[in-house]
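Undergrad: One structure, as structure tokens, below. Some questions next.
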Amino acid sequence: MNRTLNELRPGESATVRGLSPDGSRNIARRLMDIGLTGGARVKYLFSAPSGEPRAYLIRGAVIALRAEDAALVSTRAESEGSV
Amino acid sequence: MRPFQRSASRDAEPRANELVVALAGNPNVGKSTVFNNLTNLRQHTGNWPGKTVGSAWGRCEFDGQSYLLVDTPGAYSLIAHSAEEEAARDAILFGGADAVAVICDATCLERNLNLVLQVLEVTDRVVVCVNLLDEARKHRIEVDLAALEEALGVPVVGCTARSGKGTRELLRRAKEAAEGRTAHVPTRYPDDIERAAEPLKRALVALGIEVNARFAALRLLEGDHSMASRLAGVLGFPVGELPAIRELLPPTDGERVREEIVNAIYRRAEEIARRCVRAAGDDSRQTRWDRLLTSRLTGVPVMLALLAIVFYVTIVGANAPSAALGDLFGRAEQWLTGALAAVGASAWLNGLLSEGVFRVFGWVISVMLPPMAIFFPLFTLLEDLGYLPRVAFNLDRQFKRCHACGKQCLTMCLGFGCNAAGVVGCRIIDSPRERLIAILTNCFVPCNGRFPMLIALIAIFLAEVGLVSGGAMLSAALLSLLIVLGILMTFAVSRLLSATLLRGVPSSFTLELPPFRRPQIGQVIVRSVFDRTLYVLGRAAAVAAPAGALIWLLANVSTPGGTLLGQLVRALDPFAQALGLDGAILTAFVLGFPANEIVLPLAIMAYLSTGSLAEMGSFSSLRALLLNNGWTWLTALNTMLFSLMHWPCSTTVLTIARETRSAKWTLFSIAVPTACGMAVCAFTAALARLLGLA
């Protein structure tokens with residue numbers, strides 16, 4: 030099942046499939062730089078008091094993302110394995 | 003004038019036979035710790051991203067070789083997103099270093115290798131330093147350094163910079179790298195990218211691009227505007243516009259090229275990490291503390307409680323030492339007066355030196371030193387633990403609502419120490435619009451120079467006495483409330499700015515939450531006392547002494563209409579009264595423009611031109627003096643409000659001018675808080691008078 034990063038449940042892991050184009054906001058490159066490239070394993074750890082932003086475990090580091098940025102990252106479920 | 007960082011040396015020019023080594027690395031990998039360890043400097047390091055703003059230099063010597071170390075701001079990538087990443091990129095590309103040391107975090111090596119591989123695209127004179135080996139061991143992560151060296155083809159050093167292990171070895175291997183004894187194989191990209199890059203690279207070399215032309219060619223292919231304009235600046239003409247270059251840029255989609263390049267680098271990083279890193283445990287990070295500090299139920303209360311506790315400890319702890327110092331300076335002043343009289347100084351000179359210079363100087367020391375010596379270590383402790391990024395995390399939603407960036411919170415925290423430092427710190431914010439908002443609102447956070455006055459006025463007027471513990475608790479709570487008000491003003495003004503002059507949607511937000519680290523108590527104390535306390539105090543004292551002389555002259559030079567000071571106070575009085583202040587207070591704020599620390603002493607001097615203060619620094623004598631001059635609780639409240647919201651001090655204004663490079667925004671940064679403060683004060687004054695409360 031394909032979901033975007035912000036649709037994960039707390040404690041859930043997934044593998045990154047790719048990033049959606051984001052027009053002029055230039056966030057895609059930033060997300061790639063922190064390690065959100067195809068095949069990367071990501072885990073949703075916890076959220077801020079108001080539910081956003083959320084903290085994800087990305088390549089060994091904990092990184093907070095806002096919902097609309099996380100929505101650019103499409104993922105597939107862990108068990109489906111990598112290509 | 004940045005108390006949180008400084009240059010090790012003013013002459014950053016390399017000397018003969020000196021090796022220049024640039025330190026690069028992701029944020030929060032202990033880069034500054036490595037730097038400090040090698041140079042014996044106390045450049046400030048904190049457990050959160052974006053501590054090094056601008057570069058710092060330092061020198062050291064090892065094995066007969068002298069080194070000039072250049073610390074660069076943390077960066078995830080050489081593709082710049084923020085002003086500080088741009089600074090890091092430029093230092094590596096154009097800084098003229100003989101070698102680049104890339105510092106990595108052993109606990110997330112894979113992510114760090116992204117930067118290593120990018121730097122290796124610029125130069126192969128690289129030494130890789132795998133830091134935080136102790137932390138990795140705790141997480142049962144083993145890094146095979148020999149295999150990593152083999153895979154990268156450049157020297158690799160293991161290091162635990164906190165205890166100084168491995169840092170000397172880093173110097174030795176940096177020399178090796180500088181001598182070109184490396185064998186790095188560049189990352190291969192998909193064929194079409196390589197085919198497009200090759201002729202472009204040759205064309206750039208022909209144009210005289212001195213930095214690695216392959217790196218430049220790849221950036222042009224992916225449409226990196228910042229890089230294109232930097233190259234244009236280096237060469238003196240717009241490279242991307244040249245027909246010879248343009249025809250080599252195929253009509254490919256820059257975004258796709260970009261994605262292919264990052265993917266290729268990360269694939270290689272994964273592969274290297276697979277070979278060189280063994281993680282015995284699972285990769286789940288300790289998040290127990292994070293749940294307490296960021297959960298819906300406890301996140302915000304814990305934050306407010308910590309704020310109040312820090313203030314409580316500061317107020318209670320500072321009380322007795324402040325009184326003792328005040329007493330000491332009072333007696334010293336008497337001695338000084340006597341001594342000056344004995345050597346035959348005129349009454350005029352005696353007054354200028356002892357009642358002017360010395361008294362104000364003594365006031366600043368006795369009122370400021372104790373709270374700072376307590377507040378700064380506590381604050382540094384929280385910073386070292388890694389708590390500040392959690393605050394930014396908790397509050398990001400609110401900043402997003404104001405169309406601003408959550409990292410603004412980190413710059414506000416810097417503002418507690420010094421607003422000028424906070425303004426410089428705004429470089430960590432990616433979007434220029436959001437960065438400007440953060441700069442313009444930074445002084446709504448009271449800096450250290452304003453705390454002592456706030457504490458004194460709260461203790462005297464609102465909590466009645468600060469000496470009993472109940473009073474101190476009330477003081478801490480009131481001070482916290484005032485800070486919260488400043489934060490609310492920050493939100494309101496940020497929202498207003500982004501709805502009017504700085505219109506725009508919130509940009510992206512990526513904030514790393516580093517692991518909690520056990521603070522090094524000794525270092526915390528040394529750093530907070532020497533780097534912050536003494537620095538800020540030194541600056542305050544340096545300003546206080548001449549200001550004391552000036553105000554004494556103003557108070558003692560007579561004109562037909564009275565003293566100069568008296569005339570100034572009278573001129574400002576009607577307007578000040580409308581704000582619930584008085585002429586002396588407003589005069590003090592105006593004359594206190596060089597430094598907020600001296601506002602209260604200036605007001606006291608203004609009052610003293612008609613009376614005299616028996617004891618310095620004691621709250622009860624101060625209370626008596628202020629009451630004699632017509633102060634009410636409203637005067638005290640509005641003085642505090644105005645202190646929270648008025649023009650930034652001269653240092654901060656200069657810093658804003660430097661950072662924004664715009665006279666318009668600099669003037670605006672003065673006008674915004676001033677207008678807010680005047681409006682709020684006029685409102686409370688009118689309300690209190692209307693209700694007959696004051």
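Protein sequences, first through last, are from chains W and G.
Mapping of the first sequence onto the numbering used here: residues 30 to 112, in sequence order.
Mapping of the second sequence onto the numbering used here: residues 3 to 696, in sequence order.
Even glycine gets a Cβ: it sits at the ideal position worked out from N, Cα and C.
Given the structure is predicted, the values throughout are model-derived calculations rather than measurements.
Which class does residue 628 of chain G belong to by DSSP, given the choice of helix, strand or coil?
TA: Here residue 628 of chain G corresponds to residue number 626 of the second sequence, with the count starting at 1. Residue 628 of chain G: helix per DSSP, three-state reduction.
Undergrad: Pick out whichever of G:222, G:223 and G:37 has its Cα sitting closest to the Cα of residue 131 of chain G.
TA: What you label residue 131 of chain G is simply residue 129 of the second sequence in a count that begins at 1. Looking at the Cα atoms, G:37 is the closest of the given residues.
Undergrad: List, in chain order, every chain W residue whose beta-carbon is nearer than 8 Å to that of residue 698 of chain G.
TA: Here chain G comprises residues numbered 3 to 696, so residue 698 of chain G is not present and cannot be evaluated.
Undergrad: Identify, in the order they occur along the chain, each residue of the same chain with its Cβ nearer than 6 Å to the Cβ of residue 598 of chain G, setting aside the five sequence neighbours on each side.
TA: The residue labelled residue 598 of chain G in the question sits at position 596 within the second sequence. These residues qualify, in order along the chain: 451, 452 and 651.
Undergrad: Tell whether a beta-carbon distance below 9 Å holds between residue 289 of chain G and residue 74 of chain W.
TA: To locate residue 289 of chain G, count along the second sequence from 1; it is residue 287. To locate residue 74 of chain W, count along the first sequence from 1; it is residue 45. Yes. Within cutoff.
Undergrad: Tell me where the beta strand (DSSP E) around residue 21 of chain G begins and ends.
TA: Stepping through the second sequence from its first residue, residue 21 of chain G is reached at position 19. Its beta strand (DSSP E) spans residues 21-27.
Undergrad: Against chain G, does residue 60 of chain W count as a neighbour if the rule is that its beta carbon must be under 9 Å from one of theirs?
TA: By one-based count along the first sequence, residue 60 of chain W stands at place 31. Chain G, which has a Cβ nearer than 9 Å to the Cβ of residue 60 of chain W, makes this yes.
Undergrad: Is the beta carbon of residue 150 of chain G less than 9 Å from the beta carbon of residue 311 of chain G?
TA: Against the second sequence, residue 150 of chain G aligns to sequence position 148. Against the second sequence, residue 311 of chain G aligns to sequence position 309. Result no, Cβ atoms of residue 150 of chain G and residue 311 of chain G do not sit closer than 9 Å.
Undergrad: Round the Cβ separation of residue 407 of chain G and residue 577 of chain G to the nearest angstrom and send it over; I've been treating them as touching at under 8 Å.
TA: By 1-based counting over the second sequence, the position of residue 407 of chain G is 405. By 1-based counting over the second sequence, the position of residue 577 of chain G is 575. That belief does not hold up - the Cβ atoms of residue 407 of chain G and residue 577 of chain G are roughly 37 Å apart, past 8 Å.
Undergrad: Once the 5 residues before and after residue 266 of chain G are set aside, which same chain residues still bring their CB inside 8 Å of it?
TA: To locate residue 266 of chain G, count along the second sequence from 1; it is residue 264. Only 189, 190, 191 and 192 meet the Cβ criterion.
Undergrad: Residues of the stretch 296-326 of chain G with a CB closer than 7 Å to any CB of chain W: list them in chain order, please.
TA: Here the close residues are 296, 297, 298, 301 and 302.
Undergrad: If we count the other Cβ atoms within 10 Å of its Cβ and call it buried at 16 or more, is residue 432 of chain G buried or exposed?
TA: Start at 1 with the first residue of the second sequence, and residue 432 of chain G comes out as number 430. Counting Cβ neighbours within 10 Å, residue 432 of chain G comes out buried, since at least 16 surround it.
Undergrad: Around the C-beta of residue 635 of chain G, are 16 or more other C-beta atoms found within 10 angstroms, so that it is buried, or is it exposed?
TA: Translated into positions along the second sequence, residue 635 of chain G becomes position 633. Label assigned to residue 635 of chain G: exposed.
Undergrad: Counting along the chain, where does the alpha helix (DSSP H) carrying residue 360 of chain G start and finish?
TA: Taking the first residue of the second sequence as 1, we reach residue 360 of chain G at position 358. Where residue 360 of chain G is concerned, there is no enclosing alpha helix (DSSP H), given that its DSSP letter is neither H nor E.
Undergrad: With DSSP run on the structure shown, which of helix, strand or coil describes residue 59 of chain G?
TA: Here residue 59 of chain G refers to the residue found at position 57 when the second sequence is read from its first residue. Residue state, collapsed to three classes: strand.
Undergrad: Measuring straight from C-alpha to C-alpha, what distance separates residue 327 of chain G and residue 489 of chain G?
TA: By 1-based counting over the second sequence, the position of residue 327 of chain G is 325. By 1-based counting over the second sequence, the position of residue 489 of chain G is 487. Spanning the two alpha carbons is a distance of roughly 33 Å.
Undergrad: Using a 10 Å radius around the Cβ and a threshold of 16 neighbouring Cβ atoms, would you call residue 101 of chain W buried or exposed?
TA: Start at 1 with the first residue of the first sequence, and residue 101 of chain W comes out as number 72. With 16 or more Cβ atoms within 10 Å of its Cβ, residue 101 of chain W is classed as buried.
Undergrad: If we call anything under 9 Å between Cβ atoms a contact, is residue 93 of chain G one with residue 72 of chain G?
TA: Taking the first residue of the second sequence as position 1, residue 93 of chain G is located at position 91. Taking the first residue of the second sequence as position 1, residue 72 of chain G is located at position 70. Closer than 9 Å, so yes.
Undergrad: To which residues of the same chain is residue 616 of chain G closer than 7 Å at the C-beta, ignoring the five residues directly before and after it?
TA: As a first step, residue 616 of chain G is located in the second sequence; it is residue number 614 there, counting from the start. The predicted model places residue 616 of chain G with a pLDDT of 44, which falls under 50 and marks its position as unreliable; any figure quoted below should be read in that light. Once the five neighbours on either side are set aside, the close Cβ partners of residue 616 of chain G are 623.
Undergrad: How would you call residue 19 of chain G, buried or exposed, if buried means at least 16 neighbouring beta carbons within 10 angstroms?
TA: In the second sequence, counting from the first residue as 1, residue 19 of chain G sits at position 17. Its Cβ having fewer than 16 others within 10 Å, residue 19 of chain G is exposed.
Undergrad: Per DSSP, residue 76 of chain W is paired with what?
TA: Counted from its first residue, the first sequence places residue 76 of chain W at position 47. Answer is W:83, bridged to residue 76 of chain W.
Undergrad: Under 9 Å Cβ-Cβ, which residues of chain W neighbour residue 292 of chain G?
TA: Within the second sequence, the letter at position 290 stands for residue 292 of chain G. 74, 75, 84 and 91, listed in chain order.
Undergrad: Which one of G:34, G:555 and G:645 has the shortest CA to CA distance from residue 678 of chain G?
TA: Within the second sequence, the letter at position 676 stands for residue 678 of chain G. Nearest of G:34, G:555 and G:645 to residue 678 of chain G, Cα basis: G:645.
Undergrad: Rounded to a whole number of angstroms, what is the C-alpha to C-alpha distance between residue 68 of chain W and residue 105 of chain W?
TA: Here the question's residue 68 of chain W lines up with position 39 in the first sequence. Here the question's residue 105 of chain W lines up with position 76 in the first sequence. Distance between the alpha carbons of residue 68 of chain W and residue 105 of chain W: 9 Å.
Undergrad: Taking only runs that begin and end inside the stretch 629-663 of chain G, name each unbroken alpha helix (DSSP H) of 4 or more residues, in chain order.
TA: Correct list: 635-646 and 652-662.
Undergrad: Name the chain W residues that come within less than 7 Å of residue 83 of chain G, Cβ to Cβ?
TA: Looking up residue 83 of chain G in the second sequence gives position 81. Within chain W, the residues near residue 83 of chain G are 59.
Undergrad: Of all Cβ atoms in chain W, is any one closer than 9 Å to the Cβ of residue 412 of chain G?
TA: As a first step, residue 412 of chain G must be located in the second sequence, where it is residue number 410. False, the Cβ-Cβ gap to chain W never drops below 9 Å.
Undergrad: Take the Cβ of residue 74 of chain G as the centre, count every other Cβ of all protein chains shown within 10 Å, and call the residue buried at 16 or more, exposed below.
TA: Here the question's residue 74 of chain G lines up with position 72 in the second sequence. Result: buried.
Undergrad: Among all the DSSP beta bridges, which residues are the ones paired with residue 8 of chain W?
TA: Residue 8 of chain W is absent from the structure shown; chain W starts at 30 and stops at 112.
Undergrad: Scan the stretch 507-538 of chain G for residues whose Cβ lies nearer than 7 Å to a Cβ of chain W and list them as they occur along the chain.
TA: Flagged, chain order: 509, 510, 511, 512, 513, 514 and 515.
Undergrad: Taking one C-beta from the stretch 388-399 of chain G and one from the stretch 74-83 of chain W each time, how about it: are there three or more such pairs within less than 8 Å?
TA: Yes: at least three Cβ pairs fall under 8 Å.
Undergrad: Ignoring anything shorter than 3 residues or poking outside the stretch 335-384 of chain G, list the beta strand (DSSP E) runs there in chain order.
TA: With a minimum length of 3 residues, no continuous beta strand (DSSP E) run stays inside the stretch 335-384 of chain G.
Undergrad: Step through the CB atoms of chain G and report whether any lies within less than 9 Å of the CB of residue 81 of chain W.
TA: The residue labelled residue 81 of chain W in the question sits at position 52 within the first sequence. Yes, residue 81 of chain W lies at the interface with chain G (some Cβ there is under 9 Å from its Cβ).
Undergrad: For residue 350 of chain G, is the classification buried or exposed, using 16 other Cβ atoms within 10 angstroms of its Cβ as the cut-off for buried?
TA: Within the second sequence, the letter at position 348 stands for residue 350 of chain G. By the 10 Å Cβ count, residue 350 of chain G comes out exposed.
Undergrad: Using 8 Å as the threshold, is the stretch 204-219 of chain G in touch with the stretch 162-177 of chain G, meaning 3 or more CB pairs across them?
TA: The stretch 204-219 of chain G vs the stretch 162-177 of chain G: no contact.
Undergrad: What did DSSP end up calling residue 559 of chain G once you bin it into helix, strand or coil?
TA: Residue mapping note: residue 559 of chain G aligns to position 557 of the second sequence, counting from 1. Here residue 559 of chain G sits in coil by DSSP.
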